[in-house]
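Colleague:
In this note's numbering, the protein residues as written are 603 to 844.
1. Is it the case that the Cβ atoms of residue 766 and residue 802 are separated by a distance below 9 Å?
2. Going by alpha carbons, who is nearest to residue 796 out of 762, 809 and 679?
3. Starting from the C-beta of residue 615, find all residues in its chain whose C-beta is less than 6 Å away, skip the five residues before and the five after it, and write them out in chain order.
4. Checking the sheet assignment: what are the DSSP bridge partners for residue 804?
5. By how many angstroms is the C-alpha of residue 757 removed from the C-alpha of residue 791?
6. Looking at the ligand SAH, does it come within less than 8 Å of residue 636, judged from the CB to the closest heavy atom?
7. Just how far apart, CA to CA, sit residue 759 and residue 706?
8. With distances taken between CB atoms, is the gap from residue 710 to residue 750 smaller than 9 Å?
9. Would you say residue 764 faces chain E, with C-beta separation under 9 Å as the test?
10. Output the distance between the C-alpha atoms of residue 787 and residue 621, rounded to the nearest integer angstrom.
11. Check the DSSP bridge columns for residue 665 and list the partner residues they point to.
12. How many Å lie between residue 660 and residue 806 at the Cα?
13. Output the distance between the C-alpha atoms of residue 722 and residue 714, rounded to the nearest integer angstrom.
14. Could you please give the first and the last residue of the uninterrupted alpha helix (DSSP H) stretch that includes residue 862?
15. Using 9 Å as the threshold, is the C-beta distance between residue 718 and residue 725 below it?
16. Return the bridge partner residues of residue 709 from the DSSP annotation.
17. State yes or no: is the C-beta of residue 641 within less than 9 Å of the C-beta of residue 694?
18. For residue 785 versus residue 815, is the C-beta spacing smaller than 9 Å?
19. Closer than 8 Å by C-beta to residue 644: which residues in its own chain qualify, once you throw out the five before and the five after it? Chain order, please.
20. Can you tell me whether residue 675 is buried or exposed? The criterion is at least 16 other CB atoms within 10 Å of its CB, across all chains shown.
21. Could you pull out every residue in the same chain whose Cβ sits closer than 7 Å to the Cβ of residue 804, ignoring the five residues on either side in sequence?
22. Tell me the DSSP secondary structure of residue 848 in three-state form.
23. What residues in its chain sit with their C-beta under 6 Å from that of residue 779, if we drop five residues either side in the sequence?
24. With distances taken Cα to Cα, identify the nearest neighbour of residue 773 among 635, 800, 649 and 811.
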């Protein structure tokens, strides 16, 4: 397909076995590179069992028609910063809102993707902070640009949710407070949100700066219930001794 035709068809939806294959199909049909599109993942698909119940991945791929607005400015800023690092990666707009300041997600993929993440995501957070500082210095409204690397944030959030729930169960069962290792604000928000509706526990943050951490402790109701059970057990034990 010619580039002229691609410009006429601003977006299209394609399905394939995986998200990456669906994106590749769309870019080939549009005749553009990965850095010229934004991707909205409609479905990641299902593998099924022995092929039964499997579903294809589906994506909507749209051309970035201009570099104006938050999305265009964001991806250009990311490209410029990555060029200084001399790494083999390519940024793509995975999702964006309108140009009035809604969320923009830029996903970075490639051979050196791990270098962009850094230890415990530190490099990735620094890159995101720098991009937002640059973008917001040139915009009237504050724009929240999220930088991701091969869906690292999704994996990290899933790990944090598992950690939060596992720790909360220990707290509830043993009626004892447990403090987690220090973590950045974004990770702490995931822990707080995960346990906001978890029965029997509550979360608090303490510490300053990079030492700020979350403690998970029994709620007041749990403490009262445990205390009542303890008194009942002692009373029963004393009666048997008498």
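Heads up, the beta-carbon is just placed ideally off N, CA and C, and yes, glycines get one too. Everything numeric in this text was worked out from a predicted model, so none of it was measured.
Modeller: Reading from the atomic positions:
1. Contact: no.
2. Residue 796 has its Cα closest to that of 762, out of 762, 809 and 679.
3. Contacts found: 662.
4. In the DSSP assignment, the residues bridged to residue 804 are 819.
5. Between the C-alpha atoms of residue 791 and residue 757 there is a straight-line separation of about 15 Å.
6. Within the structure as shown, the ligand SAH is missing, as the structure has no ligands at all.
7. About 18 Å.
8. The Cβ atoms of residue 710 and residue 750 lie closer than 9 Å to each other.
9. No chain E appears in this structure, which consists of one protein chain only.
10. Roughly 30 Å separates the two Cα atoms.
11. Looking at the DSSP assignment, residue 665 forms a beta bridge with 639.
12. Spanning the two alpha carbons is a distance of roughly 40 Å.
13. If you draw a straight line from the Cα of residue 722 to the Cα of residue 714, it comes to about 16 Å.
14. This structure leaves residue 862 out entirely; the chain is present only between 603 and 844.
15. Going by C-beta atoms, residue 718 is nearer than 9 Å to residue 725.
16. Residue pairing by DSSP places residue 709 opposite 694 and 750 in a beta bridge.
17. Yes.
18. Against a cut-off of 9 Å, the Cβ pair of residue 815 and residue 785 comes out as a contact.
19. These residues qualify, in order along the chain: 615, 660, 661 and 662.
20. Residue environment for residue 675: buried (at least 16 other C-beta atoms within 10 angstroms of its C-beta).
21. Cβ neighbours of residue 804 beyond the five flanking positions: 819 and 821.
22. No answer is possible for residue 848: it lies beyond the span of the chain, which begins at 603 and ends at 844.
23. The beta carbon of residue 779 lies closer than 6 Å to those of 817 and 819 in the same chain, with the five residues before and after it left out.
24. Comparing alpha-carbon positions, the option among 635, 800, 649 and 811 lying closest to residue 773 turns out to be 800.
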